[in-house]
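Let me begin by presenting the structure, written as C-alpha cells, before commenting on it.
4 protein chains.
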Amino acid sequence: MAIEQASLTEISDVFYRDVQSLGMSPLWRSTQPGPRDGVPAAPYQPCHWSWSDIERSLVRAAAIVKPGPEAERRALQLCNPGVAPSPSPTHTLTAAVQMVMPGEIAPSHRHTMAAIRFIIQGDGAITMVNGEPLSMTPGDLILTPGWCWHGHINRTEAPMIWMDGLDVPLVRSLKAGLYEGYPDELHPATKPIDHSVSRYGSGHLRPVWEQTSTKISPMLKFPWAQTEQSLRDLAKVDSSPFDDVAMQYTNPSTGGHVLPTMGCWMQLLRPEAHTRAHRHSTCHVYHVFRGSGSTIVDGVQIDWKQGDFFALPPDCWHEHLNRSSSEPAFLFSTNDLPVFESLGLYREDAYAERDGHQEVVASYAARYGDSRN
Amino acid sequence: MAIEQASLTEISDVFYRDVQSLGMSPLWRSTQPGPRDGVPAAPYQPCHWSWSDIERSLVRAAAIVKPGPEAERRALQLCNPGVAPSPSPTHTLTAAVQMVMPGEIAPSHRHTMAAIRFIIQGDGAITMVNGEPLSMTPGDLILTPGWCWHGHINRTEAPMIWMDGLDVPLVRSLKAGLYEGYPDELHPATKPIDHSVSRYGSGHLRPVWEQTSTKISPMLKFPWAQTEQSLRDLAKVDSSPFDDVAMQYTNPSTGGHVLPTMGCWMQLLRPEAHTRAHRHSTCHVYHVFRGSGSTIVDGVQIDWKQGDFFALPPDCWHEHLNRSSSEPAFLFSTNDLPVFESLGLYREDAYAERDGHQEVVASYAARYGDSRN
Amino acid sequence: MAIEQASLTEISDVFYRDVQSLGMSPLWRSTQPGPRDGVPAAPYQPCHWSWSDIERSLVRAAAIVKPGPEAERRALQLCNPGVAPSPSPTHTLTAAVQMVMPGEIAPSHRHTMAAIRFIIQGDGAITMVNGEPLSMTPGDLILTPGWCWHGHINRTEAPMIWMDGLDVPLVRSLKAGLYEGYPDELHPATKPIDHSVSRYGSGHLRPVWEQTSTKISPMLKFPWAQTEQSLRDLAKVDSSPFDDVAMQYTNPSTGGHVLPTMGCWMQLLRPEAHTRAHRHSTCHVYHVFRGSGSTIVDGVQIDWKQGDFFALPPDCWHEHLNRSSSEPAFLFSTNDLPVFESLGLYREDAYAERDGHQEVVASYAARYGDSRN
Amino acid sequence: MAIEQASLTEISDVFYRDVQSLGMSPLWRSTQPGPRDGVPAAPYQPCHWSWSDIERSLVRAAAIVKPGPEAERRALQLCNPGVAPSPSPTHTLTAAVQMVMPGEIAPSHRHTMAAIRFIIQGDGAITMVNGEPLSMTPGDLILTPGWCWHGHINRTEAPMIWMDGLDVPLVRSLKAGLYEGYPDELHPATKPIDHSVSRYGSGHLRPVWEQTSTKISPMLKFPWAQTEQSLRDLAKVDSSPFDDVAMQYTNPSTGGHVLPTMGCWMQLLRPEAHTRAHRHSTCHVYHVFRGSGSTIVDGVQIDWKQGDFFALPPDCWHEHLNRSSSEPAFLFSTNDLPVFESLGLYREDAYAERDGHQEVVASYAARYGDSRN
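Line order of the protein sequences matches chains A, B, C and D. Going left to right, the first sequence walks through residues 1 to 373 as the working numbering numbers them. Going left to right, the second sequence walks through residues 1001 to 1373 as the working numbering numbers them. Going left to right, the third sequence walks through residues 2001 to 2373 as the working numbering numbers them. Going left to right, the fourth sequence walks through residues 3001 to 3373 as the working numbering numbers them.
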C-alpha cells in the first residue's frame, strides 16, 4: 500500500515534470482567486503623499533637471510602496506631479497611453494638444487622449504645477504601449486657443455640423469655474451617501466618460460631511484640490490636506470626512471605471455594519510607516 | 378592333369596380411621388407671422379668454394658410404663442405629445413639469417631454409670453395622441426650483450616481445666458456655410437631441452674414429672438424682425441674411431632425448654382399675400 | 347685461375672424385627443381580405395589365374601407399582393419608402436589390430598403405571388417620399445570387472584415426553412400570453429590427392556442401563411384561413385563436414598432377582465359588412 | 569643474534617494515604450503545442487525477515558455484542454472570469451554465460568461475533450478575479436542454418579448453544423486577404462580440490558400479543428495539423497557409478584440514588402526549441 502510494507519487512527479517540459501545466494545481471577502491583500496598498513633500521635491528637481530632449518631463511619479519599484499608485493608473518653470518647454511627444492634467498652481501656461493650445488655470481638467501630440510651454513669470494622470499600467499590461518623440521642440498650433472649449464649452449645445459621437471627448478642457459651479449647484439638490456631492466629467458627444480608459471625478465634501463606507472593483487616485479631511480605508485613517494625493486600491472599504465645519473640501480623482464598465467587471457593495461606518484601527503612519521619517 | 378595345375597356372597368368593392385598389393606377426635383409643391407653404400681429392679438385675447378649466391655454396657434384650417405651420410641428397674465394659472395636464417653450417676454413665471418648478427668463428653452404633467403660473407683475412648440401633427399622424387633464389646478411641486439644471446645468459633468442615458433629456431648462455664450464662443472659431453659427441643444445624457421627436437649434447670424442655400427633408419653425434680416425660400424673400416667426417646409431651398452691419441676429428654431435621423430619412443638398445664392423672384407678400391687408 | 354679453360675443367673433385672417387660431377652441379609453374610433378600422377574393382578382388582373413601363407592378393594394379611398390597411403601412407571370419583368425603380416581400406562391423568381439577385420561395422574407434599386423577374414556368409591405403612408405623412424610375428594364446583377445570405445567413457569425452596424439589415433575405425551425424551436421552450410563439426578424448587425421604419414578425399559434387580449399603440398587417383560426378585435371576430390578410389598427384589443386541434397556424406580419420605439411612443396594456378574453359581440361581416356580398 | 560635476552628481544622488524614500520616482529616468517598429521582443513569444503531446498527456492525467472536490478540473493549461511559469499562452488569454471521462462530473463553480469551450472530441456530455444544460458535439462553441455557475458531466460511454479559453490574465491584471465553489456537486438544471439555442439559434429572429440587448450573448451555444455552413457560404462570395474566409461569432442581441472580454473566430483556409501578412495589437490563440498547414510568425514557420494549438502574441507579423490542395483547414481562435475595441487601442498594419509575404528565416523548432526533444 505504502509502496503503491509512493509509486503513484513518483508517477505523478514524472508526469508533472513531463507536461511542464511540453509547455503545459495542470490546472488542478493552480490557485483560484477567492471569493470577494477572502481576496488576499493586494500588493497595491492604499497610499498617501503629502503636498509639502511633493512641493519640496519639485523645487529640488528644478535644480537638477530641465525639460528638454534628455529629460522630457520634470515630473515626479507617485509610487505605491507596496509594489516597489512600481512607478504607479494603482495597478491601472499612474499619477505624477509636473513642474514647468518660466520660459521652459516640455517638448512634444505622443503615446498610445491617454493622459489628463489637473492644474494645481500657476496660471496661463499652455498645453498644446494636436495643434490646439489649451491655457491652464488651477482646477482646470485638460485631456490629452492617446496618440495625440502634446507638449507644454510656460511663458508666464511663475512656475506651473499640475497633476498628470495616465493609464500607463493598464495599457502596458495590454502590451499596447507605443511612444513617439516629436522631431522638433513643440508641435505647432493650428487652432485658436481653447478651440474645443469654444465649440462645446459654455452650455449643452453642439455645432449642428458636428454630429459624430466618439468615445474620446471632443472637448479637451473643463474649466474650473464651471466645475465648481456644477458642484455647488448639485449640492443644493442631491448627494450620494458614499461620495457626498460627486460628479463625473462627461464627454459632450456621448454623455459618458471623457476617455475610454480613464474616468475623472470632482467631489465636494460639504463641511462636516462623513460619508458611509462602500467598496468597488475600481480604483481611484485622489488629489486634494481644496480643504482638509480624512479617508478611512479598510480601517486605516488617512488624513489629508490641500495639495495631498492619496490612492485607493480596488475592493477596499472607504469613507470620507471633511473635518472643517465651515469650508467645503474639493477632491479631484481619476479612476478606471470606463474599463470596468466596458468589460462588465464593475461590482460595488455597501458596508452594512455599524451604520455604514468602519472602526478606525490604525493611522496611516502607524500601519504603513510615514515615508517622511 | 375598336370593338375589342371597347370590350377590354369594359372588362377593365368592371374589374376596377369589383376590386374596389372587395377593398382593394390597383397599384398601377396609383401615382408615385416624383424624384426630388419634381416634388409637387407641398400644400405646406413657407409662412411668416409678424410680431406686431401676434402681440396685438394676444392683448385682444386677454380680454376674451382666461386660462382655466374651460380654456386651458391662452395660446394663439400659428397656422399654415396653405393647409387651412390646419393649426400648424408644418406637417410635423406646431407653434403657438402663449400669454399668461399676472396672477393667472394655466392648469396642469399631460399628453403624449412633447412640447418645448421658448421664453419671449416677462421674467420669473413658473412652468411646473412633473413636480419640478422651472423659472422662465427670455431666451430660456424649457422642455415638457411627452406624458409629463405640466402647468404654468405667473406670480409676477407683468405678462409672460413664450413660444410653444409641439410635435402634435407627427404624433397625431401616428395616432399616438393621448391627453389627460389634471383633476386639480396645478400639479404640485415636489422638487426645488430648477432642480434638473442644478444636476446637469453648469458644466459638462453628471452626478456619479446617475449613469442612465435616456432619449429624453434629464435637464429640462437651457438658460439663455449659457446659450448666448456658447454661440459667441463658437462664432470665434467656426461656422456653417448654410446656417452660420448654429448649435443644436443637446441631451446631456447622450449628447444627442433633447427629445426623440423634436430638435431645437439656436442660430447666430453675424452682422452682414449671407449664407448659401441648401435644402433638406426636415422642416423648421423659426422665432426671431433678436435682430432682423431675411430668409429667401425657393426664391421668395421673407423679411423678419425681432419677435417674428417663420416656417420652412421640407425640401425648400433656403438661405439667411442678417441685414444689420453691427448687430447679430439670433434665431431659435424647432425641427423634426430626430425623427428623420432615427428613421433614416434625412437628405440634404447644397444649392449648386449662382455661387450658392438663389435669385429673389418675389417678396413674401407678393407671393403669398400679406395677411395683414 | 344681455347687451354686454352680446357685445362680448360680438367682440369675440370679430377677434376669431381677425386672427384667422392673420394665420392664427385660438388653441382653446381646439379639441384635445382623449385619454386612451376615450380614444374616438379611428377611421382605420380592423380589416379582413380573403385569399379567394385576392387570388381571383389577380387572375383577372393578369388579363388586363402587364408589368412594364406603363404599369410598373401588377399588384393589388389592400385598402381600408374605413378610410376610402386610402390605399392602405393602416395609417402607417401598406400591403399589396403582387403577381408576376412566367416570362414577365417588373422593371426596376427605387423610392425612399422601404419595402418587404413575403413570398406566397411560386418558386424561383428573382428580386434584384441593388445588384443582388434574391431567389424567392414561399415563406421567405425579402427586404428592399429605401432608395435601393429593385425589380422582379420570373423565369420560371409558374406564376409568382407575394405580399408587398411598405411604409408608404408613414413616409408620405413625413413628406419624405421620392421615387425614381430606372432608365432600363432591370437594374443589372453585380453580385452572386443570395449574396447577403451567404455572408450572414447560416449562423450567428459575421465576416471579420464587416464590423459596421447599420439600422438597415445587411442581410436581405430570411429563408423560410430557418424561420420555421426557429419557431418550432422556440415553441419547445417559451411563448407569449398575447402572441403565443412569436418572433421578430432581426438585423444581424444590431440584433434589432430589420428596417428603421418597419418591423416583421412571424408567429406560430399552436393547435388550439387561444391567447389573451392586449392592445398597443402600434399596428400590424397580418398574412395567414398557413392554418386557420380567428382574431377577436374589439369584440369583433375575424375568421381567417390560409392566404387571407387582416389588419389591426392601433389601440384595439385583440386576441388570437388557432381553431385546429392538430395543425399549427403561421401568421406573418408587418408593423410600425421601430418607429414607435425610436420616438418613445410605444404603449401597451393587457386586457384585465374576463381572464384576459373579450366577449365576442359581432362577426366581422355583421359589423363591417362582407365585401363579397 | 570636475568638482562641480561631482558635486552635482552627489546632489542628484541624494535627491533620487530622498524621493524614493518619499514614495516618488523621477519620470525622466523611466523608459518609454518605443514606437511600434522598435517594440522590444515581448516575453510572450509565439507558441505551438502538438495534439499528440496534449492527447498523451491527457491520457496520463486520467490515471493521476479525477475531477471532484480536490481537483475541480482535469485540464492541461497551455503555457508560454517565454514567460515561465505563466500558465497562459498570451498576456490576456488562457487556453487549456480538458478531459472528462465517462461517468465523471467536473463540479460546479463560478468566477468573474469568462470562459468559452470549443468541443474537440466526444459527443453528448453536458455543460451546465446557470441551470441550462448544453450538450456538446465537436465543433460546437459554448459560452460560460463571468459569474455563471457552471459544471460538466459526462454520461456518455466515451471521453469528452474540449478546449477551455478564458480571460484570466486580463481579469487578474485588473484585480477583478473572484471565485466561488458551489456547495454541492452540480448546480441543477432549471431549463430544458439547449434552451438558449431554442430561443435564438435557427435563424435571425428573436422572441418578441425579449428586446433587451446585453454585452453578453444570451445564446450560449453555437452548433458546428451552422458554423461550418456559414463558412462554406461565405467562401462562395468573399474572403479577407489576411485571414481568408474568417468569421466572428456574434451576440444575437447586438450583432457584436459574444462576450465583452473575449472574441471568438472560426476561419476556413481554402485548399492552397496563402494569406498576406499583417499585424495587430490584439492576440489570438488558435486550435486547428481540421486540416493542416503553416503559420509564419515574424519569419518563423509554425507547422500545424489537426488538434494542434498555437498562439500569436500582439504585434507579430503573421500569415497562414493551407498545405492541402484538396481539403479546407478550419481554425478556431479566441482573441482579445472586444477589449481593444472598447478601449480604443486596436491598431493594424499590412505587411508592405515582398507582395505581403514574409521571408521564412527559421522553423519553430529551430527558433524556440522543440519541447518534445
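Glycine is no exception: its CB is placed at the ideal position from the N, C-alpha and C atoms.
Comparing C-alpha positions only, which one of the options sits nearest to residue i?
i: threonine 2295 (chain C); options: C:His2048, C:Tyr2044, C:Arg2017 and C:Leu2008; result: C:His2048
i: alanine 1114 (chain B); options: B:Asp1140, B:Cys1148 and B:Glu1104; result: B:Cys1148
i: tryptophan 1209 (chain B); options: A:Gly68, A:Leu337 and A:Glu359; result: A:Leu337
i: valine 300 (chain A); options: A:Phe242, A:Phe310 and A:Ala362; result: A:Ala362
i: glycine 139 (chain A); options: A:Pro188, A:Ala61, A:Trp265 and A:Pro192; result: A:Trp265
i: glycine 3122 (chain D); options: D:His3109, D:Asn3080 and D:Ile3161; result: D:Ile3161
i: proline 1107 (chain B); options: B:Ile1116, B:Thr1094, B:Thr1127 and B:Arg1117; result: B:Thr1127
i: asparagine 3322 (chain D); options: D:Val3245, D:Leu3008 and D:Gln3020; result: D:Val3245
i: valine 2237 (chain C); options: D:Leu3234, D:Pro3192, D:Lys3066 and D:Val3237; result: D:Pro3192
Determine the direct distance from the alpha carbon of residue j to that of residue i, and round the result to whole angstroms.
i: methionine 3154 (chain D); j: isoleucine 3119 (chain D); result: Correcting the residue identity first, residue 3154 (chain D) is asparagine in this sequence and not methionine. Rounded to the nearest angstrom, the two C-alpha atoms are 13 Å apart.
i: cysteine 3316 (chain D); j: proline 3089 (chain D); result: 14 Å
i: proline 145 (chain A); j: glutamate 1132 (chain B); result: 38 Å
i: arginine 3199 (chain D); j: phenylalanine 2289 (chain C); result: 22 Å
i: glutamine 45 (chain A); j: arginine 29 (chain A); result: 28 Å
i: histidine 320 (chain A); j: histidine 274 (chain A); result: 6 Å
i: proline 1043 (chain B); j: phenylalanine 2309 (chain C); result: 34 Å
i: aspartate 53 (chain A); j: lysine 305 (chain A); result: 13 Å
i: proline 314 (chain A); j: glutamate 341 (chain A); result: 14 Å
i: arginine 2232 (chain C); j: serine 202 (chain A); result: 57 Å
i: leucine 3078 (chain D); j: histidine 2284 (chain C); result: 55 Å
i: proline 207 (chain A); j: threonine 1137 (chain B); result: 24 Å
i: phenylalanine 2332 (chain C); j: leucine 2234 (chain C); result: 16 Å
Go ahead and label residue i buried or exposed: buried means 16 or more other beta carbons lie within 10 angstroms of its beta carbon, across all protein chains shown.
i: glutamine 211 (chain A); result: exposed
i: proline 1040 (chain B); result: Because proline 1040 (chain B) carries a pLDDT of 46, less than 50, the predicted location of this residue cannot be relied on, and no value is offered for it.
i: glutamate 72 (chain A); result: buried
i: arginine 2017 (chain C); result: exposed
i: serine 196 (chain A); result: buried
i: glycine 2038 (chain C); result: With a pLDDT of 46 at glycine 2038 (chain C), under the threshold of 50, the modelled position of that residue is not reliable, and no figure is offered here.
i: aspartate 1355 (chain B); result: exposed
i: threonine 3190 (chain D); result: exposed
i: alanine 158 (chain A); result: exposed
i: threonine 2112 (chain C); result: buried
i: glutamate 3010 (chain D); result: exposed
i: glycine 2124 (chain C); result: exposed
i: valine 3360 (chain D); result: exposed
i: glutamate 2228 (chain C); result: buried
i: glycine 103 (chain A); result: exposed
i: serine 325 (chain A); result: exposed
i: valine 2014 (chain C); result: exposed
Note down, in chain order, all residues in the stretch 2188 to 2221 of chain C with a beta-carbon under 8 Å from any beta-carbon belonging to chain B. Within the stretch 2188 to 2221 of chain C, Lys2215 and Ile2216 place their CB atoms closer than 8 Å to a CB of chain B, listed in sequence order.
Could you say if the stretch 18 to 28 of chain A and the stretch 276 to 290 of chain A meet the contact criterion of at least three C-beta pairs nearer than 8 Å? When Cβ pairs closer than 8 Å are counted between the two stretches, the stretch 18 to 28 of chain A is seen not to touch the stretch 276 to 290 of chain A, the count staying below three.
Give me the subset of the stretch 3236 to 3254 of chain D whose CB atoms are less than 8 Å from a CB atom of chain C, sorted by chain position. For the stretch 3236 to 3254 of chain D, the residues whose beta carbon sits under 8 Å from a beta carbon of chain C are, in order, Lys3236, Val3237, Asp3238, Ser3240, Asp3243, Ala3246, Met3247, Gln3248, Tyr3249, Thr3250, Asn3251, Pro3252, Ser3253 and Thr3254.
For the stretch 2252 to 2277 of chain C, which residues have a beta carbon sitting closer than 8 Å to at least one beta carbon of chain D? Within the stretch 2252 to 2277 of chain C, the qualifying residues are Pro2252, Ser2253, Thr2254, Gly2255, Gly2256, Trp2265 and Met2266.
Check whether the stretch 2091 to 2099 of chain C touches the stretch 2055 to 2075 of chain C, counting contact only when three or more Cβ pairs, one atom from each stretch, lie closer than 8 Å. Contact holds: three or more Cβ-Cβ distances are below 8 Å.
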